[in-house]
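Engineer: Using our numbering, you'd call the opening residue of the sequence shown number 1 and step up by one each time. Even glycine gets a Cβ: it sits at the ideal position worked out from N, Cα and C. Bear in mind the structure is a predicted one, so any value in this text is a computation, not a measurement. One structure, pasted below without further comment.
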Amino acid sequence: MRTDLSALPEPPTRPGNGHLQDWALHPLALIEEGANRARVGGLFRLRLGLPAVVGFSPAWNRALLTDLHTFRSAGSFSKVVPYLAGGVILTDAPAHAPRRGMVNPGFGKRHMETLRERVRAALPPIPVGEWDALAWADTAALKMLNAAYFSGEFDPQLLHAFLAPLRHPFPIPALPRPLLFARVDAELRRLAHQRLTAGGGDDLLALLAALPGGLEETRVSLAAGHDTTTHALAWAAWHLAHSPEWHAPAHHPAVLKEVLRLYPPGWMGSRRLSRDLRWTTADGQSVRLPRGTLALYSPYLSGRDAALWPESGEFRPQRWQAAPPAWAYLPFGGGERICLGMHLAHLMILEALATLPALEPMRGNATPRPGVTLGPAGPLVVRERLKHRPA
Ligand code: HEM
Numbered sequence: 001m002r003t004d005l006s007a008l009p010e011p012p013t014r015p016g017n018g019h020l021q022d023w024a025l026h027p028l029a030l031i032e033e034g035a036n037r038a039r040v041g042g043l044f045r046l047r048l049g050l051p052a053v054v055g056f057s058p059a060w061n062r063a064l065l066t067d068l069h070t071f072r073s074a075g076s077f078s079k080v081v082p083y084l085a086g087g088v089i090l091t092d093a094p095a096h097a098p099r100r101g102m103v104n105p106g107f108g109k110r111h112m113e114t115l116r117e118r119v120r121a122a123l124p125p126i127p128v129g130e131w132d133a134l135a136w137a138d139t140a141a142l143k144m145l146n147a148a149y150f151s152g153e154f155d156p157q158l159l160h161a162f163l164a165p166l167r168h169p170f171p172i173p174a175l176p177r178p179l180l181f182a183r184v185d186a187e188l189r190r191l192a193h194q195r196l197t198a199g200g201g202d203d204l205l206a207l208l209a210a211l212p213g214g215l216e217e218t219r220v221s222l223a224a225g226h227d228t229t230t231h232a233l234a235w236a237a238w239h240l241a242h243s244p245e246w247h248a249p250a251h252h253p254a255v256l257k258e259v260l261r262l263y264p265p266g267w268m269g270s271r272r273l274s275r276d277l278r279w280t281t282a283d284g285q286s287v288r289l290p291r292g293t294l295a296l297y298s299p300y301l302s303g304r305d306a307a308l309w310p311e312s313g314e315f316r317p318q319r320w321q322a323a324p325p326a327w328a329y330l331p332f333g334g335g336e337r338i339c340l341g342m343h344l345a346h347l348m349i350l351e352a353l354a355t356l357p358a359l360e361p362m363r364g365n366a367t368p369r370p371g372v373t374l375g376p377a378g379p380l381v382v383r384e385r386l387k388h389r390p391a
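Okay, structure coming up:
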């Protein structure tokens, strides 16, 4: 009996390039087909020029996210995107825990209350008439991040120029941009110097600037936080426009959870195996995964698995009255490496949603478009719902 990678199901391959072409052009369709073929076992193979497997069962997610010695970040996809290749994101165990411990306090729930007012005040006004919720979310995320990190003092044009390439399809986010990064680092040094010499302040940079490697953590986490927040906010606004019965702020946490289940901006997470691993799939097959294998987990597939979620493809915020299945809901990852900016993202998105009037959808393209993060193709044009118009 085969017990190596070749025993695993896989989506159809193309002669000469395996799955590379579909991975580049239609990755969601590719992984959905893989998941269909591995519905029972929860693990399938991809041929991406190196051995790769995608798992979506709770057991796989749990192993990948908690065994930091076997599943390493060095050599993962983050390495190829200069924006994300640094700081805590690329630090592996055993150095990861103390590094996270150092940066965590600024991003903890308590510090979020210090930032709340300035984040709220930074929100752009709601445009009059018809407006694109994706473009608005983009501006809102940029301004809220500037407020939270820098009390709004970072040159807004430079911040926009820095973050804009991340949104484009590959290879644009992966290209080196030494001049742009140097300008951003100079701006960070200028603002950090003010905070370190003039006695502080309490924005995120004030806390990070004092730490070894703090400016790199600032730059990398800004990049990790921008498109993710923009896309989650845009989708939430679009769904609220379609389902105005969820308009009241009391419903927004459930709306956001449901949006992140269906459209997790971090749609695919990656690690590399530091040793050979014997894995027993959910249907009892024992497979040897060789050291160096690219090990992927997918919040997108796990969040839509029909075996775990009733009416898995439907937008049903009411499902959040009950706890989700364990290790199946991972929009922020999990374990020790859980998203550093999770509380900040909640703060920004919920503050932004609370300012929205009741909306109605006009026209748009909400097709999920995967890049570094998963976003709607856009635009998502909405307008204020007229009072007499029924929901
Ligand atoms: C809705 C918004 C966001 C989503 C969906 C999201 C998603 C994620 C996911 C899935 C991971 C885990 C990656 C992995 O383990 O493979 C992660 C990690 C991370 N996120 Fe977020 N993120 C969001 C917002 C933010 C924000 C606002 C920041 C700003 C601080 C941020 C900074 C980070 C960092 C630094 C890590 C790496 C943590 C580590 O490895 O220790 N994220 N995020």
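Please classify Met268: does DSSP put it in a helix, a strand, or coil?
Structural biologist: If DSSP states are grouped into helix, strand and coil, Met268 belongs with coil.
Engineer: For the beta strand (DSSP E) containing Val287, list its first residue and its last residue.
Structural biologist: Unbroken beta strand (DSSP E) run through Val287: 286 to 289.
Engineer: Just the Cα atoms here: how many angstroms apart are Asp132 and Met268?
Structural biologist: Roughly 27 Å separates the two Cα atoms.
Engineer: May I have the straight-line CA-CA distance separating Gly106 from Val88, to the nearest angstrom?
Structural biologist: Going by the C-alpha atoms only, they are around 14 Å apart.
Engineer: Does the ligand HEM have even one heavy atom less than 7 Å from the beta-carbon of Gly75?
Structural biologist: No, since every heavy atom of the ligand HEM falls outside the 7 Å radius drawn around the Cβ of Gly75.
Engineer: Can Arg72 be considered in contact with the ligand HEM, in the sense that its beta carbon sits closer than 7 Å to one or more heavy atoms?
Structural biologist: No.
Engineer: Within this structure, are the beta carbons of Arg383 and Glu113 separated by less than 8 Å?
Structural biologist: No, the Cβ-Cβ distance between Arg383 and Glu113 is not below 8 Å.
Engineer: Return the bridge partner residues of Trp131 from the DSSP annotation.
Structural biologist: Trp131 is bridged to Val382.
Engineer: Under 6 Å Cβ to Cβ from Met102, same chain only, skipping five residues before and after it: list those, please.
Structural biologist: Closer than 6 Å at the Cβ level, and outside the excluded window around Met102, lie Leu211.
Engineer: Sorry if obvious, but does the Cβ on Ala133 come closer than 7 Å to a heavy atom of the ligand HEM?
Structural biologist: Ala133 Cβ: outside cutoff for every heavy atom of the ligand HEM.
Engineer: Please confirm whether any heavy atom of the ligand HEM lies closer than 7 Å to the CB of Leu296.
Structural biologist: Checking every heavy atom of the ligand HEM against the Cβ of Leu296, none is found closer than 7 Å.
Engineer: Within 8 Å, do at least three Cβ pairs link the region 312 to 328 to the region 185 to 193?
Structural biologist: No, they do not touch.
Engineer: Take Leu256 and list the residues in its own chain whose beta-carbon comes closer than 8 Å to its own, dropping the five residues that flank it on each side.
Structural biologist: The residues are Ala232, Ala236, His346, Ile349, Leu350, Leu353.
Engineer: Alpha carbon to alpha carbon, how far is Pro176 from Glu216?
Structural biologist: Each residue's Cα considered, the two are about 16 Å apart.
Engineer: Within its chain, find whatever has a CB closer than 7 Å to the CB of Ala223; leave out the 5 residues flanking it on each side and keep chain order.
Structural biologist: Once the five neighbours on either side are set aside, the close Cβ partners of Ala223 are Tyr83, Leu84, Leu163, Leu166.
Engineer: Any heavy atom of the ligand HEM inside 7 Å of the beta-carbon of Pro265?
Structural biologist: Indeed, a heavy atom of the ligand HEM lies less than 7 Å from the Cβ.
Engineer: So is the beta-carbon of Thr114 under 7 Å away from any non-hydrogen atom of the ligand HEM?
Structural biologist: No.
Engineer: Quick one, which of Glu336, Val381, Leu380, Ala322 has its alpha-carbon nearest Pro94's?
Structural biologist: For the residues Glu336, Val381, Leu380, Ala322, the minimum Cα distance to Pro94 belongs to Glu336.
Engineer: Rounded to whole angstroms, what's the CA-CA distance from Glu153 to Pro376? Just pull it up for me.
Structural biologist: About 30 Å.
Engineer: Output the boundary residues of the alpha helix (DSSP H) element that contains Pro58.
Structural biologist: That run of the alpha helix (DSSP H) goes 58 to 66.
Engineer: Is it the case that the CB of Thr139 approaches a heavy atom of the ligand HEM more closely than 7 Å?
Structural biologist: No, since every heavy atom of the ligand HEM falls outside the 7 Å radius drawn around the Cβ of Thr139.
Engineer: Could you work out which residue in Val80, Ala122, Leu50, Gly213 is closest to Ile172 when comparing CA atoms only?
Structural biologist: Nearest option by C-alpha distance: Val80.
Engineer: Just the Cα atoms here: how many angstroms apart are Leu20 and Arg72?
Structural biologist: Roughly 23 Å between the two C-alpha positions.
Engineer: Using only the heavy atoms of the ligand HEM, determine whether one of them is closer than 7 Å to the beta carbon of Val80.
Structural biologist: Not so, every heavy atom of the ligand HEM lies at least 7 Å from the Cβ.
Engineer: Taking 8 Å as the threshold (beta carbon to beta carbon), is Tyr83 in contact with chain C?
Structural biologist: Here there is only one protein chain, and chain C is not present.
Engineer: Would you kindly report the start and end of the unbroken beta strand (DSSP E) that includes Gly364?
Structural biologist: Run containing Gly364: 359 to 364, per the beta strand (DSSP E) assignment.
Engineer: When you compare each of Leu90, Ala24, Pro9, Gly108 to Ala74 by their alpha carbons, which one comes out closest?
Structural biologist: Ranking Leu90, Ala24, Pro9, Gly108 by Cα distance to Ala74 puts Leu90 first.
Engineer: Here's the rule I'm using: 16 or more other beta-carbon atoms within 10 Å means buried, otherwise exposed. How should Lys143 be labelled?
Structural biologist: Looking at its Cβ environment, which holds 16 or more other Cβ atoms inside 10 Å, Lys143 is buried.
Engineer: In the DSSP output, which residue or residues are listed as bridge partners for Trp279?
Structural biologist: Answer is Val287.
Engineer: For Thr13, which option in Ala141, Leu296, Asp22 has the closest C-alpha, if you only look at C-alpha atoms?
Structural biologist: Answer by Cα proximity: Asp22.
Engineer: Trp328 by DSSP, collapsed to three states: which one?
Structural biologist: Looking at the sequence itself, residue 328 is Ala, so the reference to Trp does not match. If DSSP states are grouped into helix, strand and coil, Ala328 belongs with coil.
Engineer: Under a Cβ-count criterion, where at least 16 other Cβ atoms within 10 Å of its own Cβ denotes burial, should Ala366 be classed as buried or exposed?
Structural biologist: Buried, since its Cβ has 16 or more Cβ neighbours within 10 Å.
Engineer: My output table needs one value for Ala377: the three-state DSSP class, helix, strand or coil.
Structural biologist: The answer is coil: DSSP assigns Ala377 none of H, G, I, E or B.
Engineer: Is DSSP giving Pro105 helix, strand or coil here?
Structural biologist: Three-state DSSP puts Pro105 in a helix.
Engineer: Keeping to the same chain, check which residues put their C-beta closer than 8 Å to that of Pro169; ignore five residues upstream and five downstream.
Structural biologist: Answer for Pro169: Gly371, listed in chain order.
Engineer: Spatial neighbours of Trp327 within its chain, please: C-beta separation below 6 Å, excluding the five flanking residues on both sides.
Structural biologist: Pro58, Asn61, Arg62, listed in sequence order.
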